[in-house]
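**Q**
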Amino acid sequence: MRAALFLIALVVLALAPVAAPWLQFVLTLAIAKGFAALGVAVLLRGGLISIGHAMFYAVSAYAIAFLARAGVNEFVLLLLLGTFASAVAGLVVGAFMVRYRAIFFAMLNLAMSMVLYALISKLYGITGGTDGMRLAVPSFFGVTLDKARFDTALYYAGIVLMVGVGYGVQRYLASPLGHALSAVHTNELRLEYLGVPVRIVLLIAYTISAALAGIGGAIAAMAIGHILPEFAFWTASGHLVLVAVLGGIGGVAGPFIGSLFLEVLHTVAVGITDAWNLIIGVALIGVIFFLPSGLYGLLRRRSGEPA
Amino acid sequence: MTTPLLQAKDLRIAFYGVKAADGVNLEIREGEFLAIIGPNGSGKTTFLNLCTGYLRPSSGEVYLDGKPITAMAPRTIARRGIARAFQIPQLFLDQSVLDNLMIAVAAKRGIWVPFKALGAEGRRQEAEELLALVGLDREAGQLAGTLPEGRRKLLDIVIALALKPRLVLLDEPTSGVSTIERFTLMETLMGALRQAKVTALFVEHDMDVVQRYADRVVVWDSGSVMAEGPPSVVFKDERVLRNVVGVA
Amino acid sequence: MLDTLIPLAVDGLASAALIFFVAVGLTLVFSVLRVLNVAHGSFYSIGAYVAASVGLWIAGAGLNPWLSFPALILSAAIVAALFGPLVERCLMRWTYGKSEAIQILVTFGLFLILEDLQRIVFGVSSLAEDTPMQLLGSTRIGGVIYLNYQLLLIALAALVVIGLRVLLTKTRIGRLVTAVVADREMAQSIGINTNRVFILSFSLGVFLAALGGALATPTAGAAPGLGAETMVLAFAVAAIGGLGQIEGAALAAIIVGLARVLAIYFAPELDAVAPYIVMLVVLLIRPYGLFGQAATRRI
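Chains as they are written, first to last, in the numbering used here: chain A, 77 to 383; chain B, 202 to 449; chain C, 187 to 485.
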């Protein structure tokens with residue numbers, strides 16, 4: 077049953093741009109943000125909320141812009157290297173972050189992302205400042221494509237990545253390492269007394285989550301072709317958390333569902349109302365208070381009293 | 202004489218001027234069931250915290266097999282073979298009883314298998330055997346948070362045993378458990394301890410439990426050892442009767 | 187060098203004073219409600235817009251320009267009265283005791299709502315109203331010109347530190363607040379009306395944020411996006427000082443203000459980064475901030 081639903085969803089996704097071409101760009105971006113939101117969701121499993129994760133989205137996007145400037149012009153290479161850059165950034169930043177919990181973790185991530193944001197927007201000579209950086213259309217597996225065809229190729233590559241990487245993340249979360257991550261949330265003390273190095277468990281999760289945000293940033297950079305400091309601004313990070321929670325952090329599919337739903341709705345809503353943020357804010361609060369099932373383990377109180 | 206399994210030498214620590222450990226000297230020999238008794242606030246739990254690296258003594262040493270383990274991190278000490286059960290059970294409350302135990306089994310065997318399921322590679326089987334050993338197998342699928350206090354205590358202890366420790370420290374295993382259940386719990390526990398051939402130290406308030414199960418009793422008072430010996434001897438000591446048993 | 191640095195320092199401290207008002211409100215709300223309000227910065231920008239609108243109205247109606255001073259404070263009070271009790275009763279109280287993730291998300295939702303409300307009411311253009319600054323003029327000391335308004339801001343910030351301390355230690359309501367901060371359950375059990383304490387503290391926090399925004403209008407005006415920017419700066423200052431620490435926030439604001447001055451002097455492109463770098467350094471050395479203390483856990 078679930079497999080059938082999953083297949084139907086994939087077919088709908090694959091056919092959507094054929095039926096409504098304007099959807100393709102929207103859906104590509106939704107998948108990109110879905111990856112970043114999945115990264116946030118992985119950390120949420122460990123009880124850690126990052127309001128700075130857009131920084132890894134931006135790291136990958138800017139890494140790709142720099143690589144393109146240096147002459148790298150191949151989709152696969154850019155995707156891999158962009159993701160790698162985010163993973164390395166995640167490893168380095170994470171090494172500091174895993175010492176902190178709760179509010180302090182959230183705030184330090186925020187501070188880190190704001191340092192990045194401020195640097196990107198001020199260092200005109202290197203990053204183009206608030207003008208951002210442009211990205212030419214890369215080749216796709218060695219084939220040179222025009223913009224329209226590349227966008228289509230990128231969209232379907234995004235779907236394949238979503239399924240493949242999503243499966244990998246699912247396996248990770250179901251493994252002892254993934255369970256240890258959830259265990260950090262519920263009882264870090266017990267985990268420590270089981271001889272598990274909690275900080276390394278968290279560092280692995282942090283690096284994975286940064287890499288996931290990196291995949292998203294890479295797709296977004298190539299889809300938009302114009303990279304801006306706003307990629308790293310804290311409200312972008314806030315939106316990633318919002319997407320993760322709206323979709324539900326219980327399963328790997330949640331953040332993608334949340335992201336696809338929100339992006340499509342946004343595109344439709346913009347034509348009707350200009351109070352989009354207001355609606356989303358109310359919806360977010362509504363989901364948190366009235367649909368706790370969509371929130372999975374999150375709504376459970378600290379120190380583990382049953383919800 | 203052989204080296205004691207665990208040895209504390211002149212441990213000292215104070216909180217805001219209160220000496221919770223004031224020159225503690227204690228030995229635990231391989232294979233014994235050692236009970237610690239003493240009034241509330243005499244520093245029994247502090248002693249467990251010092252032995253497991255949760256607290257750092259201001260002076261003194263702890264040795265495991267003659268090697269110093271003082272001030273190592275709890276996880277390092279756990280890996281060296283000292284497991285601990287807590288006065289307030291420390292469980293993964295939003296995971297199932299079986300998951301709780303499988304995480305412990307995985308922790309012992311190594312969690313660095315990123316793409317293998319938690320229950321794979323015999324982890325589920327080992328966890329189920331342990332649950333059966335203490336009669337928790339029927340609750341395996343329940344969330345740990347829904348267990349009654351007595352069952353939580355038992356799960357907490359069997360989680361410690363899943364580490365296959367050489368020494369297990371039990372902090373008031375029968376507190377929060379009704380008097381009727383108390384001896385059932387102790388029987389199950391002693392059976393499991395014997396089968397796993399683990400040395401155990403337990404802090405206990407119930408003198409009947411101590412008298413019945415301990416090989417040796419250490420009496421604690423104001424941060425240091427006041428008397429020690431077999432229960433038959435210690436419970437005849439005037440000072441002990443007046444200061445500890447009378448109070449407890 | 188000093189000739190340049192001292193006026194810069196006054197500049198830096200004046201802008202630090204504005205951030206301080208927001209940060210101290212944030213810290214106060216955090217210590218009483220134990221919720222980090224991500225939407226706190228929005229009260230700053232709403233305060234700025236209300237003050238600018240009121241100021242423009244006073245100028246337009248041809249009233250006595252000196253009225254623009256009480257108008258600044260009145261604007262902040264209006265914002266606090268409008269939003270304080272309402273937001274605390276309808277939203278904040280549902281988050282008490284919940285996980286930080288929930289609290290951050292709920293207040294982020296509030297942030298989105300307030301941003302749009304502000305845009306719908308005040309539009310997307312910026313407002314400027316500098317009558318108070320013009321009225322006060324400037325002082326010349328040793329060949330350097332200082333804006334009196336900036337000196338007033340610094341003095342007001344100092345006054346707020348002292349005022350809050352007196353309020354918390356010398357008044358009845360202040361002692362109730364202190365009791366709730368120290369031990370909420372105990373305070374409840376001895377019959378303190380904690381709901382009233384929550385409403386008052388939250389409203390005071392909103393007032394301080396709105397006051398910061400109102401006082402900023404004469405020099406900086408009101409502009410869209412101000413809330414989001416101010417939020418992170420206030421975060422940084424509150425975190426450096428130690429969440430919940432009033433004097434800590436004051437010291438942190440001074441440090442951040444001076445760090446920016448040094449940045450502007452030596453490496454202008456680092457101006458905007460300076461507060462966050464200070465925050466990172468401080469939190470790496472003292473994770474709970476300059477004046478903060480770790481909560482201990484019993485086992």
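Glycine is no exception: its CB is placed at the ideal position from the N, C-alpha and C atoms.
1) For chain B, check one thing: does any of its Cβ atoms lie closer than 8 Å to the Cβ of Ser-285 (chain A)?
2) Can you name the residues of chain A whose CB is closer than 8 Å to the CB of Ala-414 (chain C)?
3) With 16 other CB atoms within 10 Å as the buried threshold, where does Thr-347 (chain B) fall?
4) Using 8 Å as the limit for Cβ to Cβ distance, is Phe-294 (chain C) near chain A?
5) For a contact defined as C-beta to C-beta under 8 Å, what are the partners of Leu-429 (chain C) on chain A?
6) How many angstroms separate the CA atom of Pro-473 (chain C) from the CA atom of Ile-463 (chain C)?
7) Apply the 10 Å Cβ neighbour rule to Lys-398 (chain B) and answer buried if 16 or more other Cβ atoms are within range, or exposed otherwise.
8) Under the DSSP definition of a beta bridge, which residues are partnered with Arg-326 (chain C)?
9) Which whole-angstrom value describes the C-beta separation of Leu-105 (chain A) and Ala-296 (chain A), a residue pair presumed to lie in contact below a C-beta threshold of 8 Å?
10) Output, in chain order, the set of chain A residues within a Cβ distance shorter than 7 Å of Val-418 (chain C).
11) Got a sec, what are the start and stop residues for the beta strand (DSSP E) Asn-185 (chain A) sits in?
12) Going along chain B in order, which residues have a C-beta closer than 8 Å to the C-beta of Thr-159 (chain A)?
13) Suppose you measure from the CA of Ile-192 (chain C) to the CA of Val-447 (chain C); what does that come to, to the nearest Å?
14) Could you check which residue in C:Gln-479, C:Thr-293, C:Ala-203, C:Arg-358 has the C-alpha nearest to that of Leu-345 (chain C)?
15) At a cut of 8 Å, does the region 298-305 of chain A reach the region 199-219 of chain A through at least three beta carbon pairs?
16) CB Ile-179 (chain A) to CB Gly-314 (chain A), shorter than 8 Å?
17) Return the first residue and the last residue of the beta strand (DSSP E) that Asn-226 (chain B) is part of.
18) Return no unless some Cβ of chain A is closer than 8 Å to the Cβ of Phe-206 (chain C).
19) By a C-beta neighbour count over all protein chains shown, 10 Å radius and 16 as the cutoff for buried, is Val-88 (chain A) buried or exposed?
20) Against chain B, which members of the region 231-247 of chain A pass a CB distance test of less than 9 Å?
21) What would DSSP say about Asp-357 (chain B), mapped onto helix, strand or coil?
22) Figure out for me which residue from A:Val-344, A:Ile-333, A:Arg-210 has the closest Cα to the Cα of Leu-81 (chain A).
23) Quick check on the burial criterion: 16 or more other C-beta atoms within 10 angstroms. Buried or exposed for Val-435 (chain B)?
24) Buried or exposed: where does Lys-245 (chain B) fall if 16 or more other Cβ atoms within 10 Å of its Cβ makes it buried?
25) Name the chain C residues that come within less than 7 Å of Phe-172 (chain A), Cβ to Cβ?
26) At which residues does the beta strand (DSSP E) containing Gln-208 (chain B) begin and terminate?
27) Check whether chain B comes within 8 Å of Val-118 (chain A), counting only Cβ atoms and requiring the distance to be less than that.
28) What did DSSP end up calling Arg-266 (chain A) once you bin it into helix, strand or coil?
29) Would you say Gly-314 (chain A) faces chain C, with C-beta separation under 8 Å as the test?
30) I need the DSSP call for Gly-364 (chain B), collapsed to helix, strand or coil.
31) Closest to Leu-316 (chain A) by CA distance: which of A:Arg-275, A:Ala-113, A:Leu-91, A:Ala-95 is it?
32) Using 8 Å as the threshold, is the region 374-382 of chain C in touch with the region 251-271 of chain C, meaning 3 or more CB pairs across them?
33) When we look at the beta-carbon of Ser-217 (chain C) and count the other beta-carbons within 10 Å, is it buried (16 or more) or exposed?
34) Between which two residues does the alpha helix (DSSP H) carrying Trp-421 (chain B) extend?
35) DSSP three-state label for Glu-327 (chain B), please.
36) Take every Cβ of the region 325-333 of chain C, pair it with every Cβ of the region 414-423 of chain C, and state whether three or more of those distances are shorter than 8 Å.
**A** With the structure as the only source:
1) Against the first sequence, residue 285 (chain A) aligns to sequence position 209. Chain B contact via Cβ: absent.
2) Taking the third sequence and counting its residues from 1, one reaches residue 414 (chain C) at position 228. In chain order: Phe-309, Trp-310, Thr-311.
3) The residue given as residue 347 (chain B) occupies position 146 in the second sequence. Exposed: under 16 other Cβ atoms inside 10 Å.
4) Residue numbering aside, residue 294 (chain C) sits at position 108 when the third sequence is read from its first letter. It does: the Cβ of Phe-294 (chain C) has a partner Cβ on chain A nearer than 8 Å.
5) Looking up residue 429 (chain C) in the third sequence gives position 243. Residues of chain A passing the Cβ test: Ile-179.
6) One-based indexing of the third sequence puts residue 473 (chain C) at position 287. One-based indexing of the third sequence puts residue 463 (chain C) at position 277. Their Cα atoms are separated by approximately 14 Å.
7) Translated into positions along the second sequence, residue 398 (chain B) becomes position 197. Lys-398 (chain B) should be labelled exposed.
8) One-based indexing of the third sequence puts residue 326 (chain C) at position 140. DSSP output for Arg-326 (chain C) lists C:Ile-331 as bridge partner(s).
9) As a position in the first sequence, residue 105 (chain A) is number 29, starting the count at 1. As a position in the first sequence, residue 296 (chain A) is number 220, starting the count at 1. Indeed they touch by this definition, with Cβ atoms about 6 Å apart.
10) Within the third sequence, the letter at position 232 stands for residue 418 (chain C). Simply Leu-186, Met-190, Trp-310.
11) What you label residue 185 (chain A) is simply residue 109 of the first sequence in a count that begins at 1. Not the beta strand (DSSP E): Asn-185 (chain A) falls in the alpha helix (DSSP H), residues 178-198.
12) In the first sequence, the residue the question calls residue 159 (chain A) occupies position 83. Per Cβ cutoff of 8 Å: no residues; Thr-159 (chain A) is ~17 Å from chain B at best.
13) In the third sequence, the residue the question calls residue 192 (chain C) occupies position 6. In the third sequence, the residue the question calls residue 447 (chain C) occupies position 261. Distance between the alpha carbons of Ile-192 (chain C) and Val-447 (chain C): 9 Å.
14) Within the third sequence, the letter at position 159 stands for residue 345 (chain C). With distances taken between Cα atoms, Leu-345 (chain C) lies closest to C:Ala-203.
15) yes
16) For this step, residue 179 (chain A) is matched to residue 103 along the first sequence. For this step, residue 314 (chain A) is matched to residue 238 along the first sequence. Cβ atoms of Ile-179 (chain A) and Gly-314 (chain A): not closer than 8 Å.
17) Within the second sequence, the letter at position 25 stands for residue 226 (chain B). Run containing Asn-226 (chain B): 219-229, per the beta strand (DSSP E) assignment.
18) To locate residue 206 (chain C), count along the third sequence from 1; it is residue 20. Closer than 8 Å: no.
19) Within the first sequence, residue 88 (chain A) is the residue found at index 12, counting from 1. Looking at its Cβ environment, which holds fewer than 16 other Cβ atoms inside 10 Å, Val-88 (chain A) is exposed.
20) Gly-244, Arg-247
21) By 1-based counting over the second sequence, the position of residue 357 (chain B) is 156. Residue state, collapsed to three classes: helix.
22) Along the first sequence, read from residue 1 onward, the residue named residue 81 (chain A) stands at position 5. Out of A:Val-344, A:Ile-333, A:Arg-210, A:Ile-333 has the C-alpha closest to the C-alpha of Leu-81 (chain A).
23) In the second sequence, counting from the first residue as 1, residue 435 (chain B) sits at position 234. Under this definition Val-435 (chain B) is a buried residue.
24) By one-based count along the second sequence, residue 245 (chain B) stands at place 44. Classification of Lys-245 (chain B): buried, given that the 10 Å Cβ count is 16 or more.
25) The residue labelled residue 172 (chain A) in the question sits at position 96 within the first sequence. Those within 7 Å of Phe-172 (chain A) in chain C are Leu-470.
26) Along the second sequence, read from residue 1 onward, the residue named residue 208 (chain B) stands at position 7. Note, Gln-208 (chain B): beta strand (DSSP E), 207-216.
27) The residue given as residue 118 (chain A) occupies position 42 in the first sequence. It does not: the Cβ of Val-118 (chain A) has no partner Cβ on chain B nearer than 8 Å.
28) As a working mapping, residue 266 (chain A) is identified with position 190 in the first sequence. Correct three-state label for Arg-266 (chain A): helix.
29) For this step, residue 314 (chain A) is matched to residue 238 along the first sequence. It does; some Cβ of chain C falls within 8 Å.
30) Here the question's residue 364 (chain B) lines up with position 163 in the second sequence. Gly is not the amino acid found at residue 364 (chain B); the sequence shown has Leu there. Reduced to three states, the DSSP call for Leu-364 (chain B) is coil.
31) By 1-based counting over the first sequence, the position of residue 316 (chain A) is 240. Of the listed residues, the one whose Cα sits closest to Leu-316 (chain A) is A:Ala-113.
32) no
33) To locate residue 217 (chain C), count along the third sequence from 1; it is residue 31. It is buried - the Cβ of Ser-217 (chain C) has at least 16 other Cβ atoms within 10 Å.
34) Position 220 of the second sequence, counted from the start, is the residue given in the question as residue 421 (chain B). Premise fails: Trp-421 (chain B) lies in the beta strand (DSSP E), 417-422, not in any alpha helix (DSSP H).
35) Residue mapping note: residue 327 (chain B) aligns to position 126 of the second sequence, counting from 1. In this structure, Glu-327 (chain B) counts as helix in the three-state DSSP scheme.
36) no
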